[in-house]
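S.K.: Okay, handing you the structure first.
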(Lines of atoms letter the chains of each structure in order from A; the text may use other names.)
(Lines give C-alpha, C1' and ligand atoms only; values in the text may rest on other atoms or scores of the structure.)
Protein backbone atom coordinates (compact mmCIF):
# COMPACT_ATOMS: atom_id res chain seq x y z
CA UNK A 136 0.00 0.00 0.00
CA UNK A 137 2.83 2.36 0.89
CA UNK A 138 4.60 1.64 -2.40
CA UNK A 139 1.43 2.36 -4.40
CA UNK A 140 0.95 5.62 -2.49
CA UNK A 141 4.50 6.70 -3.33
CA UNK A 142 4.02 5.86 -7.02
CA UNK A 143 0.74 7.79 -7.17
CA UNK A 144 2.36 10.73 -5.38
CA UNK A 145 5.26 10.77 -7.84
CA UNK A 146 2.87 10.62 -10.80
CA UNK A 147 0.83 13.51 -9.41
CA UNK A 148 3.98 15.56 -8.84
CA UNK A 149 5.14 14.90 -12.41
CA UNK A 150 1.73 15.93 -13.78
CA UNK A 151 1.71 19.07 -11.63
CA UNK A 152 5.20 20.00 -12.79
CA UNK A 153 4.23 19.40 -16.40
CA UNK A 154 1.20 21.66 -16.07
CA UNK A 155 3.30 24.28 -14.30
CA UNK A 156 5.91 24.09 -17.03
CA UNK A 157 3.34 24.53 -19.78
CA UNK A 158 1.89 27.52 -17.93
CA UNK A 159 5.26 29.16 -17.37
CA UNK A 160 6.32 28.81 -20.96
CA UNK A 161 2.96 29.48 -22.62
CA UNK A 162 3.71 33.13 -23.22
CA UNK A 163 1.23 35.15 -25.20
CA UNK A 164 1.96 37.01 -28.40
CA UNK A 165 3.57 40.32 -27.46
CA UNK A 166 3.92 43.38 -29.67
CA UNK A 167 4.75 47.02 -29.11
CA UNK A 168 1.80 49.11 -30.29
CA UNK A 169 3.06 52.55 -29.39
CA UNK A 170 5.96 54.53 -28.00
CA UNK A 171 6.72 58.20 -27.50
CA UNK A 172 8.54 60.46 -25.05
CA UNK A 173 6.05 59.53 -22.30
CA UNK A 174 6.52 55.78 -22.42
CA UNK A 175 5.66 52.60 -24.27
CA UNK A 176 2.60 50.35 -24.62
CA UNK A 177 2.70 46.60 -25.22
CA UNK A 178 -0.16 44.39 -26.34
CA UNK A 179 0.05 40.80 -25.10
CA UNK A 180 -2.55 38.42 -26.52
CA UNK A 181 -3.42 35.14 -24.80
CA UNK A 182 -5.60 32.46 -26.35
CA UNK A 183 -5.39 30.18 -29.34
CA UNK A 184 -8.99 29.89 -30.50
CA UNK A 185 -9.79 31.25 -33.95
CA UNK A 186 -13.35 31.84 -32.78
CA UNK A 187 -13.22 32.73 -29.06
CA UNK A 188 -16.43 32.62 -27.09
CA UNK A 189 -15.44 35.59 -24.91
CA UNK A 190 -12.91 38.36 -25.54
CA UNK A 191 -11.65 40.53 -22.69
CA UNK A 192 -9.24 43.46 -22.73
CA UNK A 193 -7.25 44.22 -19.58
CA UNK A 194 -5.27 47.44 -19.14
CA UNK A 195 -2.49 47.59 -16.56
CA UNK A 196 -0.08 50.39 -15.70
CA UNK A 197 -2.06 53.46 -16.78
CA UNK A 198 -1.40 55.08 -13.41
CA UNK A 199 2.24 54.23 -12.92
CA UNK A 200 2.47 54.67 -9.13
CA UNK A 201 -0.14 51.95 -8.63
CA UNK A 202 2.04 48.84 -8.48
CA UNK A 203 -0.12 45.98 -7.21
CA UNK A 204 -2.46 45.63 -10.18
CA UNK A 205 0.53 45.92 -12.52
CA UNK A 206 2.01 42.86 -10.86
CA UNK A 207 -1.05 40.60 -10.70
CA UNK A 208 -3.10 41.37 -13.82
CA UNK A 209 -0.59 40.00 -16.36
CA UNK A 210 -0.45 36.74 -14.38
CA UNK A 211 -4.24 36.61 -14.15
CA UNK A 212 -4.54 37.18 -17.90
CA UNK A 213 -2.11 34.38 -18.63
CA UNK A 214 -3.56 31.91 -16.12
CA UNK A 215 -7.17 32.44 -17.10
CA UNK A 216 -6.53 32.09 -20.82
CA UNK A 217 -4.43 28.98 -20.18
CA UNK A 218 -7.31 27.32 -18.30
CA UNK A 219 -10.08 28.51 -20.65
CA UNK A 220 -9.35 27.63 -24.29
CA UNK A 221 -12.49 29.41 -25.53
CA UNK A 222 -11.39 32.83 -24.29
CA UNK A 223 -9.14 35.51 -25.75
CA UNK A 224 -7.54 37.94 -23.34
CA UNK A 225 -5.50 40.94 -24.41
CA UNK A 226 -3.38 42.58 -21.72
CA UNK A 227 -2.34 46.12 -22.60
CA UNK A 228 0.76 46.85 -20.52
CA UNK A 229 1.51 50.56 -20.13
CA UNK A 230 5.04 51.52 -19.10
CA UNK A 231 5.26 55.21 -18.22
CA UNK A 232 8.89 56.33 -18.47
CA UNK A 233 8.48 60.10 -18.04
CA UNK A 234 7.85 61.18 -14.43
CA UNK A 235 6.38 57.79 -13.45
CA UNK A 236 6.60 58.52 -9.69
CA UNK A 237 5.13 62.02 -9.90
CA UNK A 238 1.47 61.62 -8.90
CA UNK A 239 -0.01 64.23 -11.21
CA UNK A 240 2.38 64.01 -14.15
CA UNK A 241 2.62 60.22 -14.06
CA UNK A 242 -1.17 59.84 -14.16
CA UNK A 243 -1.49 62.31 -17.01
CA UNK A 244 1.27 60.63 -19.00
CA UNK A 245 -0.26 57.19 -18.56
CA UNK A 246 -3.69 58.41 -19.59
CA UNK A 247 -2.19 60.01 -22.69
CA UNK A 248 -0.48 56.75 -23.65
CA UNK A 249 -3.71 54.80 -23.22
CA UNK A 250 -5.69 57.41 -25.15
CA UNK A 251 -3.21 57.51 -28.02
CA UNK A 252 -2.49 53.80 -28.39
CA UNK A 253 -4.84 51.54 -26.42
CA UNK A 254 -8.11 53.25 -27.30
CA UNK A 255 -7.18 53.18 -30.98
CA UNK A 256 -6.36 49.48 -30.79
CA UNK A 257 -9.50 48.62 -28.82
CA UNK A 258 -11.57 50.07 -31.66
CA UNK A 259 -10.03 47.46 -33.99
CA UNK A 260 -10.80 44.59 -31.63
CA UNK A 261 -14.15 43.06 -30.72
CA UNK A 262 -13.95 43.00 -26.93
CA UNK A 263 -16.93 42.06 -24.81
CA UNK A 264 -15.51 44.24 -22.04
CA UNK A 265 -12.34 46.18 -21.21
CA UNK A 266 -11.15 46.06 -17.59
CA UNK A 267 -8.90 48.95 -16.56
CA UNK A 268 -6.81 48.10 -13.51
CA UNK A 269 -6.01 50.43 -10.62
CA UNK A 270 -4.91 50.39 -6.97
CA UNK A 271 -6.64 52.63 -4.46
CA UNK A 272 -5.49 54.13 -1.18
CA UNK A 273 -7.34 53.42 2.09
CA UNK A 274 -10.43 55.61 2.21
CA UNK A 275 -10.70 55.96 -1.55
CA UNK A 276 -13.50 53.48 -2.06
CA UNK A 277 -13.87 50.30 -0.05
CA UNK A 278 -12.18 46.92 -0.58
CA UNK A 279 -12.31 45.46 -4.09
CA UNK A 280 -14.72 47.21 -6.41
CA UNK A 281 -15.78 47.97 -9.94
CA UNK A 282 -16.74 51.44 -11.11
CA UNK A 283 -18.69 52.23 -14.26
CA UNK A 284 -17.90 55.94 -14.60
CA UNK A 285 -19.46 56.45 -18.03
CA UNK A 286 -22.71 54.92 -16.72
CA UNK A 287 -23.66 53.39 -20.06
CA UNK A 288 -26.39 50.78 -19.78
CA UNK A 289 -24.31 47.86 -21.07
CA UNK A 290 -21.44 48.38 -18.61
CA UNK A 291 -23.74 49.03 -15.65
CA UNK A 292 -25.91 45.99 -16.36
CA UNK A 293 -22.93 43.64 -16.57
CA UNK A 294 -21.23 45.19 -13.53
CA UNK A 295 -24.32 44.67 -11.37
CA UNK A 296 -24.40 40.98 -12.24
CA UNK A 297 -20.67 40.42 -11.77
CA UNK A 298 -20.40 42.27 -8.46
CA UNK A 299 -23.41 40.39 -7.12
CA UNK A 300 -21.77 37.08 -8.07
CA UNK A 301 -18.50 37.74 -6.24
CA UNK A 302 -19.41 40.25 -3.53
CA UNK A 303 -17.46 43.21 -4.93
CA UNK A 304 -18.73 46.74 -4.48
CA UNK A 305 -20.09 48.62 -7.49
CA UNK A 306 -19.52 52.35 -7.60
CA UNK A 307 -21.67 54.47 -9.89
CA UNK A 308 -21.74 58.13 -10.85
CA UNK A 309 -24.52 60.69 -11.13
CA UNK A 310 -24.80 61.20 -14.88
CA UNK A 311 -26.60 64.51 -14.43
CA UNK A 312 -23.39 66.02 -13.06
CA UNK A 313 -20.75 66.82 -15.70
CA UNK A 314 -17.40 65.17 -15.15
CA UNK A 315 -13.96 66.76 -15.27
CA UNK A 316 -12.14 63.46 -14.74
CA UNK A 317 -9.40 63.19 -17.34
CA UNK A 318 -9.42 59.39 -17.26
CA UNK A 319 -13.14 59.31 -18.02
CA UNK A 320 -12.89 61.84 -20.82
CA UNK A 321 -9.68 60.53 -22.41
CA UNK A 322 -10.02 56.78 -21.84
CA UNK A 323 -13.31 55.39 -20.51
CA UNK A 324 -15.75 57.37 -22.64
CA UNK A 325 -13.95 56.90 -25.98
CA UNK A 326 -13.93 53.13 -25.41
CA UNK A 327 -17.63 53.09 -24.50
CA UNK A 328 -18.43 55.35 -27.45
CA UNK A 329 -16.78 52.73 -29.67
CA UNK A 330 -19.32 50.17 -28.42
CA UNK A 331 -17.30 48.36 -25.73
CA UNK A 332 -18.20 47.97 -22.06
CA UNK A 333 -15.73 49.35 -19.53
CA UNK A 334 -15.01 48.28 -15.95
CA UNK A 335 -12.70 50.41 -13.84
CA UNK A 336 -11.31 47.82 -11.42
CA UNK A 337 -9.88 48.96 -8.09
CA UNK A 338 -7.61 46.86 -5.84
CA UNK A 339 -6.75 47.98 -2.28
CA UNK A 340 -3.09 48.96 -2.52
CA UNK A 341 -2.35 47.58 0.97
CA UNK A 342 -3.48 44.04 0.12
CA UNK A 343 -1.05 41.19 -0.54
CA UNK A 344 -0.18 39.83 -3.97
CA UNK A 345 -1.71 36.39 -3.39
CA UNK A 346 -5.12 37.73 -2.40
CA UNK A 347 -4.98 40.37 -5.13
CA UNK A 348 -4.34 37.62 -7.68
CA UNK A 349 -7.20 35.52 -6.29
CA UNK A 350 -9.68 38.39 -6.27
CA UNK A 351 -8.66 39.51 -9.75
CA UNK A 352 -9.03 35.98 -11.07
CA UNK A 353 -12.49 35.88 -9.46
CA UNK A 354 -13.41 39.05 -11.32
CA UNK A 355 -12.29 37.76 -14.70
CA UNK A 356 -13.99 34.41 -14.07
CA UNK A 357 -17.30 35.98 -13.05
CA UNK A 358 -17.17 38.30 -16.05
CA UNK A 359 -16.45 35.38 -18.35
CA UNK A 360 -19.32 33.34 -16.90
CA UNK A 361 -21.75 36.20 -17.45
CA UNK A 362 -20.57 36.79 -21.02
CA UNK A 363 -20.14 33.28 -22.38
CA UNK A 364 -22.77 32.16 -24.83
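Numbering (this note's numbering), first residue to last: 136 to 364.
Ideal placement from N, C-alpha and C gives every residue a C-beta, glycine not left out.
1) Residues in its own chain within less than 6 angstroms of residue 104 by CB, not counting five upstream and five downstream?
2) Considering only C-alpha positions, which residue in the set 168, 200, 262 and 165 is nearest to residue 187?
3) Scan the stretch 192-240 and note each continuous alpha helix (DSSP H) run of 4 residues or more that stays entirely inside, going in chain order.
4) Does the stretch 263-273 come close enough to the stretch 330-345 that 3 or more CB-CB pairs lie under 8 angstroms?
5) Quick one, which of 350, 229 and 333 has its alpha-carbon nearest residue 292's?
6) Within 10 Å of its beta-carbon, does residue 311 have 16 or more other beta-carbons around it, so buried, or fewer, so exposed?
7) Among the residues of its own chain, which have a CB less than 7 angstroms from the CB of residue 347, if the five just before and after it don't count?
8) How should residue 299 be labelled, buried or exposed, when 16 other C-beta atoms within 10 angstroms of its C-beta is the threshold for buried?
9) If I measure Cβ to Cβ from residue 295 and keep anything under 7 angstroms in the same chain, skipping five residues before and after, which residues do I get?
10) Judging by CA-CA distance, which residue of 243, 350, 331 and 349 is the nearest neighbour of residue 190?
11) Between residue 196 and residue 228, which are expected to be in contact by the criterion C-beta below 8 angstroms, what is the C-beta distance as a whole number of angstroms?
12) In terms of alpha-carbon separation, which member of 246, 351, 286 and 231 lies closest to residue 321?
13) Please check the pair residue 267 and residue 175, which I expect to be a contact at CB under 8 angstroms, by giving their CB distance rounded to whole angstroms.
14) Report the CB separation of residue 257 from residue 359 in whole angstroms; it is logged as a contact under 8 angstroms.
M.R.: So, to answer that:
1) The structure shown has nothing for residue 104, since the chain only spans 136 to 364.
2) If you number the chain shown from 1, residue 187 lands on position 52. Cα-wise, what sits closest to residue 187 is 262.
3) Whole alpha helix (DSSP H) segments, 4+ residues: 203-218.
4) Below 8 angstroms, enough C-beta pairs join the stretch 330-345 and the stretch 263-273 to call them touching: three or more.
5) Position 157 of the chain shown, counted from the start, is the residue given in the question as residue 292. Nearest of 350, 229 and 333 to residue 292, Cα basis: 333.
6) Position 176 of the chain shown, counted from the start, is the residue given in the question as residue 311. So residue 311 ends up on the exposed side.
7) Here residue 347 refers to the residue found at position 212 when the chain shown is read from its first residue. Result list for residue 347: 203, 207 and 338, in chain order.
8) Position 164 of the chain shown, counted from the start, is the residue given in the question as residue 299. Answer is exposed; the Cβ neighbour count stays below 16.
9) Here the question's residue 295 lines up with position 160 in the chain shown. Within the same chain, residue 295 has close Cβ partners 305.
10) Along the chain shown, read from residue 1 onward, the residue named residue 190 stands at position 55. The option with the nearest alpha carbon to residue 190 is 331.
11) Walking along the chain shown from the start, residue 196 turns up at place 61. Walking along the chain shown from the start, residue 228 turns up at place 93. Cβ-Cβ separation between residue 196 and residue 228: approximately 6 angstroms, consistent with a contact (criterion under 8 angstroms).
12) Within the chain shown, the letter at position 186 stands for residue 321. That would be 246, whose Cα lies nearest to the Cα of residue 321.
13) In the chain shown, counting from the first residue as 1, residue 267 sits at position 132. In the chain shown, counting from the first residue as 1, residue 175 sits at position 40. The beta-carbon distance between residue 267 and residue 175, rounded to whole angstroms, is 18 angstroms. This is too long to meet the 8 angstroms contact definition.
14) Against the chain shown, residue 257 aligns to sequence position 122. Against the chain shown, residue 359 aligns to sequence position 224. About 18 angstroms separates the two Cβ atoms, so there is no contact after all.
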